[in-house]
Amino acid sequence: MRRPTSFPLLQRTVLLLLGTACLSWAQFDTPPRGFGRGSVEAVVLSPDGGHLITSGSDGIYVYKAESLDDVAHLTLDPRPFHRDVGPVFSPDSRLLAMGYADTTVVVWDMESYTEAAILTGHEEWITALAFSDDSSLLATGDRTGRMKVWSVDDW
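Residue numbers (my numbering): 520 to 674.
Here you go:
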């Protein structure tokens, strides 16, 4: 397997989630390192290649993709999240959305690592998240089949 050319400093064994059903291993020369704290439920690489995200039982951890340096720990009060929905980046890598079992969606600003919005209004846990191609809309779905579309400009 070929090393990723856009991440020359990434010297760890990393499992990259390349879609909901496709997994790919990237093996590098140095020993693996633990990411996050507690259980890791999802690993996501930002579309611009700048951030590597892990989410799990202790919140969301943000790392610089090239160096794997810790950048931020994004967390609110402890929230159960539905394990089928991990963090989702906007295509421009500016926003990160996470759906929770308490029916909320939290959107993080990835430039300041602060909360951009807490979206409420679903009746059951969040099961789907997707940004529009131009990053202007976020679609969310819940267990009842209800879908909502949110404008990023409203935050």
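For each residue, glycine too, the CB sits at the ideal point set by N, CA and C.
Skipping 5 residues on each side, what residues in its chain have a beta carbon closer than 8 Å to that of residue i?
| i | result |
| --- | --- |
| K583 | G569, H570, L571, V590 |
| L638 | T623, V624, V625, V626, L657, T659, K667, W669 |
| L642 | Reading off the sequence, residue 642 comes out as Glu, not Leu. Taken in chain order, the residues that qualify are T622, D661, T663, R665. |
| D628 | R613, L614, E634, A635 |
| A561 | L536, I572, T573, S574, G575, G605, P606 |
Would you check if the distance between the CB atom of residue i and the CB atom of residue j is smaller than 9 Å?
| i | j | result |
| --- | --- | --- |
| E585 | R613 | no |
| F650 | P606 | no |
| T646 | V604 | yes |
Do you know how far the Cα of residue j is from the Cα of residue i?
| i | j | result |
| --- | --- | --- |
| V671 | S558 | 31 Å |
| S654 | L587 | 26 Å |
| Y632 | L593 | 7 Å |
| S565 | A636 | 19 Å |
| V581 | V563 | 10 Å |
Which residues does DSSP list as the beta-bridge partners of residue i?
| i | result |
| --- | --- |
| Y580 | T573, H592 |
| M629 | DSSP, once it has assigned bridges, lists no residue as partnering M629. |
| S609 | S609 pairs with nothing; no bridge assigned. |
Go through its chain and collect everything with a Cβ distance to residue i's Cβ below 6 Å, but skip five positions before and after it.
| i | result |
| --- | --- |
| F608 | S565, P566, L615 |
| W674 | A635, A636 |
| M617 | P606, V625 |
Keeping to the same chain, check which residues put their C-beta closer than 7 Å to that of residue i; ignore five residues upstream and five downstream.
| i | result |
| --- | --- |
| G640 | K667 |
| S525 | Residue placement at S525 is poorly supported in this model, since its pLDDT is 43, which falls under 50; the coordinates still yield a value, given next. Around S525: G568. |
| G578 | H592, L593, T594 |
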